[in-house]
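Only one structure is covered here, and it is reproduced in the block below.
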Amino acid sequence: MNEAFQMFPTQASTMASRVDNLMLYLLAVTVFFSVAIAVVLIVFAVKYRKKSDSDVTPAIHGSTLLEITWTVIPLGLVTVMFFWGANVYFDQMYAPANSMEVFVTGKQWMWKFQHPNGKREINELHVPEGRPVKLIMASEDVIHDFFVPAFRVKMDVMPGKYNTTWFHATKTGEYHLFCNQYCGEDHSRMVGKIIVMKPEDYEVWLAGGTRNESPAATGERLFTQWACNTCHEGGRDARGPILAGVPGRNVILTGGVVVVADDTYLRDSILNPAARVVDGYQPIMPTFKGLLSEDQVMSLIAYIKTLDDTGADTGTKATTGAAAGFTAAPPPSPVDGVTSVSAVAGDTTTTAPTISTNPTDAGTTAQAETTP
Amino acid sequence: MSHPERANPYVSHQFETATQQREASILGMWIFLATEIMFFGGLFLAYTIYYNMYTDAFKEASQHLDVMLGGINTGVLITSSLTMAMAVWAAQTSRQKLLVLFLSLTLVLAFVFLGVKAVEYMHKFHDGLVPGALFTYDSPRRDQVQLFFFIYFVMTGLHGVHILIGIGVIAAILVMAIKGKFHAQYNNPVDVTGLYWHFVDVIWIFLFPLLYLIGRYLPGAH
Amino acid sequence: MSTNVQPHNGGGNPLYTANPDVVDMSNYLRAGHTLRSWLLTVDHKRIGLLYLISITFMFFLGGIFAGLIRLELMTPEGDLVSSSTYNKLFTMHGIVMVFFFLIPSIPAVLGNFLVPLMIGARDMAFPRLNLMSWYVYIIGAIFTMYAIVAGGVDTTWRFYTPYSTSFANTHVMMTALGIFIMGFSSILTGLNFVVTIHRMRAPGMTWFRMPLFLWAMYATSIIQILGTPVVGIAILLVGVERILGVGVFNPDLGGDPILFQHLFWFYSHPAVYIMILPGMGVVSEVITCFSRKQIFGYPFIAVSSLLIAFVGFFVWGHHMFVTGQSPYAGLIFSALSFLVAIPSAIKVFNWTATLYRGSVTFSTPMLYVFGFIGLFTIGGLTGLMLATLGIDMHVHDTYFVVAHFHYVMVGGMLLAYMAALHFWWPKMTGRMYPEGWGRLSALMVFMGFHLTFFPQFILGYLGMPRHYHTYPDEAGYQILHVLSTAGATVLGAGFLLPAIYFAWSFFYGKPAGDNPWLAKGLEWETTSPPPVFNFEKTPIVTEPAYNYSVHGDEVSEGSHVVAP
Amino acid sequence: MDAPPMQAYGSSEGAMDTTPNHQKREKHDAHHGDVHHITSPWVYLAVFVALVIGTIITVWVAFHDFGMWNKPIALGIAVIKSTLVVLYFMHVRHSGRLTVAVIVIALAMLSILIAFTASDYLTRGSKNIFYNEDPPAAGAAHDPATVPVP
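Residue numbers (the numbering used here), protein chains in the order written: chain A, 1 to 372; chain B, 1001 to 1222; chain C, 2001 to 2564; chain D, 3001 to 3150.
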């Protein structure tokens, strides 16, 4: 797609035009002030060039009025930049509720993608057009960065926690994917392609080819294989907290600290269980670090998200026709249950293990310590 | 061209008067201490962030520090701060013998502090609490305890290095004091060394409660 | 900090006591010809020259790395050097240029030379500490040079963890040690300046009569003092983590790599103000002298230097908008980043207003200052784009950022450094540089600069990431890279020119006399090159700075310095 | 001796204060007692005793559960002890405003570092407060940029 020389990259997502409009505003301010100062500089320099050795120049010390004007005007321009930028930023950071979730794993010098129905891809990501796609990203080694210039999307891929970003592709075609955070020798070769297809073509592609277990199904298998259910199921007296409906909600830890149970907290609780124990439980859960790979942890979390609020483990669930715009019903796939698009209301940027609010917070009363 | 003669032989060529020289050296030391505040500040930041993230692990790790040795060390350092202050007083009032005595006392106390610190480090070494390959401690919160001990060793290690530097400087001042160089008209070096030593004491005053005394009230804590 | 104690006959300094009879105190250049008299000098002017030689070497070393990078990027494929070598090239280009040229350049060379002269003092508050800061710089440079020669380091100049702590197997420790030591040189210089400006001003030199260059030096020193230790502890933690294998930034232990970025950028953003503030101080001096006019809005420029220094410490988070830092912290940092841009805008407007109804001459320092104002304005405004949250999500760590900081650092800082060198060269050496060649170099640098870095703005917005050894061969990337490389050659030649004619003029330049530009300021009141103790009698200041307008051009004898 | 301070002639800004800065300060110090203040040893002893008591209290407090107040008390006592050391042992009590300014600025800059970094950690992973629970679905009318699916 090497059209003629272009100043702006192709606008292939809903965000692209909003970022470009903001950029045009700032470009206008930059050009205006740069040209204005250059012109005034040249005019003054030429008009007041030295005529003779005995020039006497007026002793002008300054004018407070002028100083105020060229403080207030830039302040005004800058405030507009800030609010407009913040508005676009918050839409870039928080994905719409009905987005299709794709798990992304960055590894030194390659990208691994995992679709909701389990289809895996290396360095290439097929996505449907006209539908928001939310990426839940983690790195297995160093910091990488998921950057698609055509979508104006960029988010670091951190080891040790999940970062999410999203895009809503509006034009079919192939777009560059760059790793944008220096990650070692082949940093410049850690590139990939995002292939945006018509929704129908996407479904055909999704159904075709080898298909693996959906992450939720893999999660369920792992859940039993590693005997998580011995503690996390059964009645109220189970030794571990019941996991149904936990993702996205607040959880009270020992010591009265309240934390949002986002993906990073779930991941942390699998790999670092004793770090932040839920109130009323003992830190007896063994760590699974080294036993579960990054993908397996993602599958477990996908499975936990499918557990229904009613506590019963319903396993597979019919797809909720989540997004109003997305109409095409996926064909019944013989192998695994139809994936469920977990709609976590206003899912947040899952980020580093959130700092539990300071125990002296007025809100939470100090509960008696119940550590061993 | 001879630069103006100096009435006071103890004022360097770039200063006009003794007061200007004294105030310059004190201001210089305080600015250096500002850099030290920011230097240790980075570590206090790391401590604050991780204490709030992993409070329970930090409390559990803090059990393994010996409060008795820590308390003794605090006492030793506070006493050395007193002897250093007395040394400054002795220099300001031209009491040379007392100056030498107090400086020597401060040196001795500094060595005692390092000795106790070495004993503590040996205990950690035996208990397998040194972070990295030698970390053999095991509990559900093993990783965060290792994080605590990493912060503990960097903070107390850096503080120990500052004690060593202090010992070097005080020893130099002691030698010059024995030669009778300091008296009421000229005692800036003693004053400035005193400032540095008190600062090292202030850092320990914060390190002791933050590292040694968190979570001691927990039942079963020794 | 302890001052010498021997009874005073020249300050007990080896330079003067070595052979007092032969020493010619009227000219600091001729006060002792032995290598020992140069390497053990405590004269702030000589230390300034020592710094000048060492950082010029560093500048050309960094320039060579830059040249190799530009050559490699001519072609989309990585065909000049291997990927790991390319990674080492841009890392070393960054480290050498930032830590060993930009941060020390104006403060250590011109600040050392001029601060005592401008405030009418005989020397710095702590002359021996000043010499120590040069030696600490040299030791730091030796460690880093060893690391470069032994195989280089490829962690980028930012040492982001966990790559720098657990995955890089190049000479990270040696380079980190070099930078850690070099940090102390920056702290010692800053400490010396603050104490000197506070305690050793000549009688009558109140704060608001000081030249604006001193305000800029004071603000720069505050940043050096408060910021450098934090990067010191960040690098120390990286070093310890590499030794022990575990550390506070290690995600396996529950550590957070973003904490390193907080510690690193807490220093590194104010560090860019360490680089630009001295340049702004130079511009205020040069623009008043060559337009023969009072500075416009002295108090506003003076206070805006301090404002930049302090508010500069609140904004570091705008380097981390895309790292998963909390969006609300992003809001705070973005708002404050806009605030810190206002004082810079005030300065630019005031400089331009200074020219009004002046008598402007176009000698080389003035041409460089015009270049500075033009390029710094563009650099500053593109900085606003990077502070805008929405846009930074797209342009972070792309060539847009590379263009922005080169506009501010090369377009701003380096041009101001060139202006300062040309402006005070007669005072430092007593000789004039060749004016024609000077103007030519100013023009070449200005043209070459635009050709090099303007295409990179477009490249950046098209999405070309930083630190890329190869890039896709369509969508117009290569054209822009070729333009940029062409510009780099012109820029390189533009910088080689002054090196040649300055060296030539040091020996053969025509004598410049005490005040060739008829400039105001205490440093022009003494002979050039100045005597070892700067002034016959400590001057007493009676008139405000930049008092050009009242007397026009004829310098009435003694009106400035009150002869007792 | 130094140049005697001379009143400048004919300066437009009224009587120019040209008495050298350092001489003014010496006059200021002179009437403050001798060259500079000497703290008496008794003050040092009193501060020493206070410090020892402070340490004992800190250790005692640490072994008793005050719920969430344990940490603030420990830090409070440490702050009191260090203020005592700074004021009396380090003579800040009698040194000029500049020394106090240096200390205050350094501590302020440290608190800026901790406060802004904490602002990042405290608000990570929190919900988007600028929208109601559900940010607008991509297809909703609010999103102008939605391209109608052909």
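Where is the CB? At the ideal position from N, CA and C, for every residue including glycine. Small disclaimer: the values here were computed from a predicted structure and weren't measured.
A residue is called buried when at least 16 other Cβ atoms come within 10 angstroms of its Cβ; Tyr2508 (chain C) does not meet this threshold and is exposed. Taking each of A:Pro149, A:Gly245 and A:Pro96 in turn and checking the Cα distance to Ala261 (chain A), the smallest one comes out for A:Gly245. Per the C-alpha coordinates, the member of A:Ile301, A:Trp226 and A:Ser63 positioned closest to Ile136 (chain A) is A:Ile301.
Separation of the CB atoms of Leu2381 (chain C) and Ser34 (chain A) is rounded to 7 Å, and the pair is thereby assigned contact status at 8 Å.
In the three-state DSSP reduction, Pro132 (chain A) falls in the strand class (E or B). Here DSSP, grouped into helix, strand and coil, assigns Gly1075 (chain B) to helix. When secondary structure is reduced to three states using DSSP, Thr79 (chain A) falls in the helix class. The segment 2273 to 2318 of chain C contains no complete beta strand (DSSP E) run of 3 or more residues. Under the three-state reduction of DSSP, Asn2534 (chain C) is assigned to coil, being neither helix nor strand. Remark: fewer than three beta-carbon pairs, one from each stretch, lie closer than 8 Å, so the segment 2324 to 2344 of chain C and the segment 96 to 112 of chain A are not flagged as touching. Taking the beta carbon of Asp1138 (chain B) as reference, no residue of chain D falls within 7 Å; the closest one sits roughly 26 Å away.
Annotation for Phe167 (chain A): the continuous beta strand (DSSP E) segment containing it runs Asn163 to His168. Take Gln1144 (chain B), set aside five residues on each side of it, and the residues of its chain with a beta-carbon closer than 6 Å to its own are Tyr1054 and Ala1057, in chain order.
In the DSSP annotation of this structure, Ile304 (chain A) is not part of any beta strand (DSSP E); the continuous alpha helix (DSSP H) holding it starts and ends at Glu294 to Thr306.
For Val153 (chain A), the closest of A:Ala169, A:Thr306, A:Val297 and A:Ala138 by C-alpha to C-alpha distance is A:Ala169. Given a length threshold of 4 residues, each whole run of the alpha helix (DSSP H) inside the segment 1092 to 1154 of chain B is given here in chain order: 1096 to 1127. For Ala275 (chain A), a Cβ of chain C is located within less than 8 Å of the residue's own Cβ. Between Thr3123 (chain D) and chain C, the shortest Cβ-Cβ separation is below 8 Å.
Of all residues in the segment 1173 to 1185 of chain B, none is placed with a Cβ closer than 7 Å to any Cβ belonging to chain D. For the segment 3067 to 3079 of chain D, residues whose beta-carbon sits nearer than 8 Å to a beta-carbon of chain B comprise Asn3070, Lys3071, Ala3074, Leu3075, Ile3077 and Ala3078. Taking the Cα positions, Val196 (chain A) is about 27 Å away from His2469 (chain C). Here Ile1072 (chain B) has Val1116 as same chain residues with Cβ atoms under 8 Å from its own Cβ, once five neighbours each way along the sequence are excluded. For the pair Asp2123 (chain C) and Gln1021 (chain B), the CB atoms are not nearer than the 8 Å cut-off.
Nearest to Val1100 (chain B) by alpha-carbon distance, out of B:Val1119, B:His1183, B:Tyr1196 and B:Tyr1010, is B:His1183. The shortest CA-to-CA distance from Val2303 (chain C) to any of C:Phe2290, C:Met2210 and C:Val2246 is the one to C:Met2210. The continuous alpha helix (DSSP H) containing Gln1020 (chain B) extends over residues Ala1018 to Met1053. In this structure, DSSP gives Gln282 (chain A) a state outside helix and strand, which the three-state scheme calls coil.
Around Val2490 (chain C), the same chain offers Met2444, Met2447, Gly2448 and Leu2451 as residues with beta carbons nearer than 7 Å, after the five sequence neighbours per side are excluded. Under the DSSP assignment, Lys193 (chain A) falls in the beta strand (DSSP E) whose first and last residues are Gly192 to Met197.
Three or more Cβ pairs drawn from the segment 2215 to 2232 of chain C and the segment 2259 to 2278 of chain C lie within less than 8 Å of each other, which places the two stretches in contact. Judged by beta-carbon spacing, Tyr2407 (chain C) lies within the 8 Å limit of Gly2379 (chain C), meaning their Cβ atoms are closer than that value. The beta carbons of Phe167 (chain A) and Val133 (chain A) sit closer together than 8 Å.
Between Thr264 (chain A) and chain D, the shortest Cβ-Cβ separation is below 8 Å.
The three-state reading of DSSP puts Ser2185 (chain C) in helix, counting H, G and I together. Taking the Cα of Leu2114 (chain C) as reference, the smallest distance to any Cα among C:Ser2186, C:Leu2068 and C:Thr2196 is reached at C:Thr2196. For Phe2159 (chain C), no beta strand (DSSP E) encloses it, and the DSSP letter there is neither H nor E.
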